[in-house]
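In order, the protein sequence lines correspond to chains A and B.
With the working numbering, letter number 58 in the first sequence gets 147, and the count goes up by one each step, no holes.
With the working numbering, letter number 71 in the second sequence gets 619, and the count goes up by one each step, no holes.
Virtual Cβ for every residue (Gly too), placed ideally from N, Cα, C.
All values reported here derive from a predicted model rather than from experimental measurement.
Worksheet for the structure shown next.
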Amino acid sequence: GAVVSQHPSRVICKSGTSVKIECRSLDFQATTMFWYRQFPKKSLMLMATSNEGSKATYEQGVEKDKFLINHASLTLSTLTVTSAHPEDSSFYICSARDLAGGYTEAFFGQGTRLTVV
Amino acid sequence: SQQGEEDPQALSIQEGENATMNCSYKTSINNLQWYRQNSGRGLVHLILIRSNEREKHSGRLRVTLDTSKKSSSLLITASWAADTASYFCATDPYSSASKIIFGSGTRLSIRP
Chain A
90 GAVVSQHPSR VICKSGTSVK IECRSLDFQA TTMFWYRQFP KKSLMLMATS
140 NEGSKATYEQ GVEKDKFLIN HASLTLSTLT VTSAHPEDSS FYICSARDLA
190 GGYTEAFFGQ GTRLTVV
Chain B
549 SQQGEEDPQA LSIQEGENAT MNCSYKTSIN NLQWYRQNSG RGLVHLILIR
599 SNEREKHSGR LRVTLDTSKK SSSLLITASW AADTASYFCA TDPYSSASKI
649 IFGSGTRLSI RP
């Protein structure tokens with residue numbers, strides 16, 4: 090199946106700093122990418138949907154100024170956690186799909202474990 | 549908000565036994581997928597069943613889908629210790645949003 094690469098897999102940052110997470114589709118064009126957040130022992134909650142070249146659509150309750158999403162190309166989307174705080178510590182997973190030619194499967198990255206100290 | 553609910557939330561069985569997990573959802577779907585997640589790791593795609601399919605097999609996995617009841621089940625036969633993980637159903641809704649929504653998950657523990 091198609092490969093989605095997410096980087097970094099783990100990151101530790103100091104409170105108040107910003108962290109950028111990258112999500113790349115390696116062998117297909119991702120017209121649409123999704124970002125999920127997962128708290129320990131919980132399910133994945135959709136944070137936002139981004140279409141290439143457009144502003145991201147955020148789910149209710151997700152702070153768009155805190156979680157900046159950029160989808161500038163068909164193979165790359167980034168999630169930047171700005172002014173991170175310990176409560177932002179979580180597992181973040183991206184997903185990508187190509188909707189240009191009709192329905193296709195979504196593929197997931199391996200996730201990024203963010204720890205804010 | 550999450551669409552799917554899974555039961556049980558946690559399941560502990562003896563190695564060699566079968567494990568059955570259920571998933572219910574709320575809206576019409578294109579397909580339903582099952583994923584496995586080992587503790588602290590990413591998602592592993594297990595199987596996809598389309599809305600016009602009723603049952604699908606993949607190795608030791610059997611998935612059923614009942615669109616009239618908006619429910620699905622995942623059966624793992626002859627479980628191994630390595631099957632210990634969290635299992636999530638994920639629905640791909642029949643809408644232009646095309647965003648996959650995950651169920652609450654089942655934590656499966658296989659006792660050796």
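Asked	Found
Own chain, CB closer than 6 Å to Ser549 of chain B, minus 5 neighbours either side, in chain order	Low per-residue confidence applies at Ser549 of chain B: pLDDT is 46, beneath 50, and the placement is therefore not dependable, though the value from the model is reported in the following sentence. If we look at Ser549 of chain B and ignore the five residues flanking it on each side, it has no Cβ neighbours.
Classification of Asn600 of chain B by the beta-carbon crowding that lies within 10 angstroms, buried from 16 upward	exposed
N- and C-terminal bounds of the beta strand (DSSP E) containing Asp640 of chain B	633 to 641
Thr164 of chain A beta carbon less than 8 Å from that of Ala119 of chain A	yes
Chain A contact residues for Leu596 of chain B, given Cβ-Cβ distances below 7 Å	Glu194
Close Cβ partners of Gln199 of chain A (< 7 Å) along its chain, the five nearest in sequence each way excluded	Gln95, Ser98
Chain-ordered residues of the region 135 to 148 of chain A with a beta carbon less than 7 Å from chain E	Protein chains in the displayed structure are A and B, and chain E is not among them.
Cβ shell of Lys618 of chain B (< 7 Å), same chain only, five flanking positions each side left out	Ser572, Tyr573, Lys574
Beta strand (DSSP E) segment containing Ile561 of chain B, residue limits	558 to 562
Ser184 of chain A and Phe636 of chain B closer than 8 Å at C-beta	no
Trp124 of chain A versus Glu141 of chain A: straight-line alpha-carbon distance, rounded	14 Å
Residue environment, Arg659 of chain B, which counts as buried when at least 16 other CB atoms sit within 10 Å	exposed
Close-in-space but distant-in-sequence residues of the same chain around Gly653 of chain B (CB under 7 Å, 5 per side omitted)	Glu554, Ser634, Tyr635, Phe636
CB contact check: Gly171 of chain A to chain B, cutoff 8 Å	The sequence as given places Thr at residue 171 of chain A; Gly does not occur at that position. No, its Cβ sits nowhere closer than 8 Å to a Cβ of chain B.
Amino acids of chain A, ordered along the chain, whose beta-carbon sits closer than 7 Å to that of Leu591 of chain B	Ile182, Phe197
Top-ranked residue by Cα proximity to Glu563 of chain B, from B:Gln585, B:Ser606, B:Gly651, B:Ala629	B:Ala629
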